[in-house]
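Residue numbers (the UniProt record's numbering): 1 to 436.
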């Protein structure tokens, strides 16, 4: 009997990937461990290895399809033993191609294969040990409990939604996207009395049209989900940057023999955040499944601008590292992101994120949360700020801007403000923080 090859879990936060290309074609011989295809998450590109040996009998998805994790993507076995299985995604049979196109998320009528955590089972076979429910076994609409609850709360008819989960199941993300589309439509449609008179104007020529696909498509979806499912607000402040600049100058001048000459301003900000978060556990947390999960360790994520788009690697247990070790790990992670060699472990979900636009001259901005995290810090450029000294005299000192976005569902304004104030104070005394 042919074996199914499942798309493995690609990190805790990844629900689906984009299938970039098949490296093995139908009819070729494969061994366990051979690379079958390349896939792309919102963070990196990965290879998927075969878990079975034999002849590649069938691709169950086409290149460019979005594939849920733990879904069957290929059949491997002996020639001629393809089971009676309908493809779950874009790999349609000629008969199916004659009918209307169905997306990979739409279940096919009469399909005996199940998309999700397990391969298909025969009618005589026992129930799956993982407990997946197929369309034939499910009584009513195939939707997750969270999707049903969310749809009922928002007044959305869950049965009318397309499902993007395993086996075409409707999941909470589908409800969120439907809600976002509804709100966008309501904002776009003016009242009848406000409708402008149509004017015979020639629209401007379109210079280019780019499809929203690959990493860009996944990032777009995650950003919509972030804004649709969180109550974000941003606090702005600045910290005296004289100690940062003085320490950076000394590192460059005298730190070479100690391996400190490559430490940057951003490295010192990362260090300050990692050493401050343990004192404010409400911000070192996730909000997920109606639970606030606070963490003892600080797994610090940071944004990296790459040619493929935004990537967010994570420094594990950053609160336990010295400044030199933290800076070294951060640079290694960033380099792997830039070269496209970052692993799933490199991109594991963190407990808080830092994004830095200071090198681009940005003085203030509103970072967007990276769910399920409840806080993200934006680092801005250094500007000269007029301040009053103890004698009431105006002094001009360099300050670095800090922008903190938090999820009001999990963190109130006052605790967030206290964290940001304490962080600014520690940044302004970074030399003392290093001795702590």
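Glycine included, every Cβ here is placed at the ideal spot set by N, Cα and C.
- Excluding five sequence positions before and after residue 161, the CB atoms of its chain that fall closer than 7 Å to its own CB belong to 170, 174, 175, 178, given in chain order.
- With respect to residue 301, residue 337 sits apart: the two C-beta atoms are not nearer than 9 Å.
- In the three-state reduction of the DSSP assignment, residue 66 falls in the strand class.
- The residues 415, 418, 419, 422, in chain order, have a CB closer than 8 Å to that of residue 280 in the same chain once the five nearest residues on each side in sequence are set aside.
- Contact fails between the segment 324–344 and the segment 377–390, because fewer than three Cβ pairs, one in each stretch, are under 8 Å apart.
- Exclusion of the five residues before and after residue 22 leaves 36, 37, 59, 63 as the residues of its chain whose Cβ lies within less than 8 Å of its Cβ.
- Secondary structure at residue 329: helix, using DSSP grouped into helix, strand and coil.
- The alpha carbon of residue 313 has as its nearest neighbour, out of 286, 348, 30, 307, the alpha carbon of 348.
- Judged by DSSP secondary structure, residue 294 falls within the beta strand (DSSP E) whose first and last residues are 291–294.
- Going by DSSP, residue 20 is part of the beta strand (DSSP E) stretching over 16–22.
- Cβ neighbours of residue 397 within its own chain (closer than 8 Å, five residues either side excluded): 240, 241, 242, 384, 385, 387.
- A straight line joining the alpha-carbon of residue 55 with that of residue 28 spans about 6 Å.
- Annotated three-state conformation of residue 301 is strand, per DSSP.
- In the DSSP secondary-structure assignment, residue 238 is bridged to 401.
- Counting only residues of its own chain and dropping the five nearest sequence neighbours on each side, residue 158 has a CB closer than 8 Å to the CB of 141, 143, 147, 148, 151, 152, 170, 175.
- Here the alpha carbons of residue 316 and residue 264 stand approximately 19 Å from one another.
- Nearest to residue 375 by alpha-carbon distance, out of 391, 404, 20, is 404.
- Nearest C-alpha to residue 424 among 259, 172, 276: 276.
- Exclusion of the five residues before and after residue 310 leaves 219, 303, 304 as the residues of its chain whose Cβ lies within less than 8 Å of its Cβ.
- Within its own chain, the residues whose Cβ lies closer than 6 Å to the Cβ of residue 355, once the five positions on either side in sequence are excluded, are 303, 367, 378, listed in chain order.
- Take residue 369, set aside five residues on each side of it, and the residues of its chain with a beta-carbon closer than 7 Å to its own are 226, 230, 232, 376, 405, 407, in chain order.
- A distance below 7 Å between beta-carbons, with the five flanking residues on each side excluded, links residue 246 to no residue of its chain.
- A Cβ-Cβ distance of about 39 Å is found for the pair residue 214 and residue 430, leaving them out of contact under the 8 Å criterion.
- Restricting attention to alpha helix (DSSP H) runs no shorter than 4 residues, the segment 248–293 encloses them at 265–276, ordered along the chain.
- Residue environment: residue 435 is assigned as exposed (fewer than 16 neighbouring CB atoms within 10 Å of its CB, all protein chains considered).
- It is roughly 14 Å from the alpha-carbon of residue 362 to the alpha-carbon of residue 266.
- The Cβ atoms of residue 67 and residue 50 lie no closer than 9 Å to each other.
- Around the beta carbon of residue 426, 16 or more other beta carbons sit within 10 angstroms, so the residue counts as buried.
- According to the DSSP secondary-structure assignment, residue 356 is paired through a beta bridge with 379.
- Here residue 318 really is in contact with residue 274; their C-beta atoms are around 4 Å apart, less than 8 Å.
- Here residue 181 is exposed. Its C-beta has fewer than 16 other C-beta atoms within 10 Å.
- Annotation for residue 371: 225, 226, 229, 230 place their beta carbon closer than 7 Å to its own, counting only its chain and skipping 5 residues before and after.
- In this structure, the straight-line span from the alpha carbon of residue 306 to that of residue 268 is close to 22 Å.
- DSSP places residue 412 in the coil class of the three-state scheme, outside both helix and strand.
- Taking the CA atoms as reference points, residue 237 sits about 10 Å from residue 399.
- In the DSSP assignment, residue 3 falls within the unbroken beta strand (DSSP E) covering 3–6.
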